[in-house]
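Visitor: Provided herewith is a single structure, encoded as structure tokens, for subsequent inquiry.
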Amino acid sequence: MRHPDYPFWSCISLVVLLLPAPWHWKARNAPLVCLIGWLWLTHFVTLVNTLVWADNFADSAPIWCDISARIVMLLLYTVPLCSLAQMRRLASVASPRRKLVLDQPRKRYRYAEELFLCVVCPLLMLPVNYTVQGHRYDIAETWGPMIPSVISWPTIVIRFILPTLIACASLFYAALAMRWFFVRRAQFRSILSGSGLTTGVYLRLLGLAITDSILLMFGTVFNLLILFVVHGADIQPTSSWDSIHSNFGLVSQFPEEMFNTTVTVDVPFYLAVLYAISVFAFFSFGEDAVGQYLKVWRFIKRALNVRQKEAVDIPTLGSTIVTLTGAAWEEGPQIDRRVSKDDRHSEFSHVGSGIAVTVERSVV
Numbered sequence: 001m002r003h004p005d006y007p008f009w010s011c012i013s014l015v016v017l018l019l020p021a022p023w024h025w026k027a028r029n030a031p032l033v034c035l036i037g038w039l040w041l042t043h044f045v046t047l048v049n050t051l052v053w054a055d056n057f058a059d060s061a062p063i064w065c066d067i068s069a070r071i072v073m074l075l076l077y078t079v080p081l082c083s084l085a086q087m088r089r090l091a092s093v094a095s096p097r098r099k100l101v102l103d104q105p106r107k108r109y110r111y112a113e114e115l116f117l118c119v120v121c122p123l124l125m126l127p128v129n130y131t132v133q134g135h136r137y138d139i140a141e142t143w144g145p146m147i148p149s150v151i152s153w154p155t156i157v158i159r160f161i162l163p164t165l166i167a168c169a170s171l172f173y174a175a176l177a178m179r180w181f182f183v184r185r186a187q188f189r190s191i192l193s194g195s196g197l198t199t200g201v202y203l204r205l206l207g208l209a210i211t212d213s214i215l216l217m218f219g220t221v222f223n224l225l226i227l228f229v230v231h232g233a234d235i236q237p238t239s240s241w242d243s244i245h246s247n248f249g250l251v252s253q254f255p256e257e258m259f260n261t262t263v264t265v266d267v268p269f270y271l272a273v274l275y276a277i278s279v280f281a282f283f284s285f286g287e288d289a290v291g292q293y294l295k296v297w298r299f300i301k302r303a304l305n306v307r308q309k310e311a312v313d314i315p316t317l318g319s320t321i322v323t324l325t326g327a328a329w330e331e332g333p334q335i336d337r338r339v340s341k342d343d344r345h346s347e348f349s350h351v352g353s354g355i356a357v358t359v360e361r362s363v364v
């Protein structure tokens, strides 16, 4: 295996994405749950591909190649669309035109709108990308199957400009949400009371969407520059549908030695890892996440029947009063720590007798 770091980072991403997922599922944060789901699916596919095609480029699983290559390709759209849905929600929550409490029909409409942006819209991009797909798929050694495309103006619009525009729209709503936060900061806690969000979660969601949008824009512009500046690709004319799909059943296979540079493939892979790490960084160390970890830990202790050791009554250093009355005399002296200095004389009158005991620690 030439690149053992690829499966390693995919495994790390799969684990860290699951940590904040239960809390956001419970909070019904549809955009972030969808983002975690898409990222988890992408890293699962990447893990399988980097293991299966680690040292070969054989066309050994055609159906899997068709499905997995499209899942990885959809990450171009799932990340900005989920961020856009999240930022639209935050801007709506902080807007002065919003009602403090939403009724059930409005909540259902909001969920339907978010699911449309986060699930339906990415799936609609599959037939759109088919229009610029030159042949069935490519298989590259180490990385596995990938969706090819004809270098044309429609390809530039669909693969590069459209994701960037969606990311820009997400940043616009993020700026709007940030503006409402600073304008209405004094009463912001009461504003969020009916939304199921706290100020900390609101700001973390804002930071995550901004980070993801900036990362996606960087990756898109970087790959575009690599394509035309490094590889010197020429824009091909697209005269007709038949000219693009004339040899659609072709499966191209490439050994790693044929790549002049692996940056074109490395950048999308590590960007997906950064998306997962950003979700972990923003939502795995907050109070809500720590509370969930403690609940899981208590559940594990109950399942394993782990009991805490009983606390040992260790006398404190200093002076205290030992009461010797009744059964206490027979059972032995017991320490009464409730007696303060001011109440020692009154304690003698109640219990009748007492002994002042000094507990010291000797150091040898």
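Counting from 1, position 330 in the sequence shown corresponds to residue 330 in the UniProt record's numbering; the numbering is continuous, with no gaps.
Where a beta carbon is used, it is the ideal one built from N, C-alpha and C, also for glycine.
Measuring CB to CB, does residue 68 end up less than 8 angstroms from residue 49?
Guide: Their beta carbons are under 8 angstroms apart, which means residue 68 touches residue 49 by this criterion.
Visitor: How many Å lie between residue 266 and residue 247 at the Cα?
Guide: Going by the C-alpha atoms only, they are around 28 angstroms apart.
Visitor: Does the Cβ of residue 116 have 16 or more other Cβ atoms within 10 Å, making it buried, or fewer, making it exposed?
Guide: When all chains shown are included, residue 116 counts as exposed.
Visitor: To the nearest angstrom, how far is it from the Cα of residue 216 to the Cα of residue 35?
Guide: Cα-Cα distance, rounded: 14 angstroms.
Visitor: Considering just the uninterrupted stretch of the beta strand (DSSP E) at residue 139, what are its terminal residues?
Guide: Its beta strand (DSSP E) spans residues 137–140.
Visitor: Hey, which unbroken runs of the alpha helix (DSSP H) at 4 residues or more fall wholly within the stretch 255–292?
Guide: Counting only runs of 4 or more, we get 263–283.
Visitor: Compare the Cα-Cα distances from residue 14 to each of 278, 182, 59 and report the closest residue.
Guide: Ranking 278, 182, 59 by Cα distance to residue 14 puts 278 first.
Visitor: What first and last residue would you give for the beta strand (DSSP E) that runs through residue 144?
Guide: That run of the beta strand (DSSP E) goes 144–146.
Visitor: Mind checking whether residue 79 and residue 275 have CB atoms under 8 angstroms apart?
Guide: Contact flag set, yes.
Visitor: May I have the straight-line CA-CA distance separating residue 341 from residue 17, to the nearest angstrom?
Guide: Any reading at residue 341 must be qualified, since the residue scores a pLDDT of 48, below 50, and its modelled position is unreliable; the value itself is stated next. In a straight line, the C-alpha of residue 341 is about 57 angstroms away from that of residue 17.
Visitor: Using a Cβ-Cβ cut-off of 7 angstroms (strictly less than) and excluding sequence neighbours within five positions of residue 163, which residues of its own chain qualify?
Guide: Within the same chain, residue 163 has close Cβ partners 76, 77, 80, 216, 220.
Visitor: Between the stretch 120–127 and the stretch 200–208, are three or more C-beta pairs nearer than 8 angstroms?
Guide: Taking 8 angstroms as the limit for Cβ pairs, the verdict is that the stretch 200–208 does not touch the stretch 120–127.
Visitor: Please state if the CB of residue 284 and the CB of residue 19 are separated by a distance shorter than 8 angstroms.
Guide: In contact: residue 19 and residue 284 (Cβ atoms closer than 8 angstroms).
Visitor: On the three-state DSSP scale, how would you describe residue 251?
Guide: Note: residue 251 maps to strand in three-state DSSP.
Visitor: Residue range of the alpha helix (DSSP H) that residue 233 falls in?
Guide: Looking at the DSSP string, residue 233 is not in any alpha helix (DSSP H), and its letter there is neither H nor E.
Visitor: May I have the straight-line CA-CA distance separating residue 10 from residue 250, to the nearest angstrom?
Guide: Whole-angstrom Cα-Cα distance: 29 angstroms.
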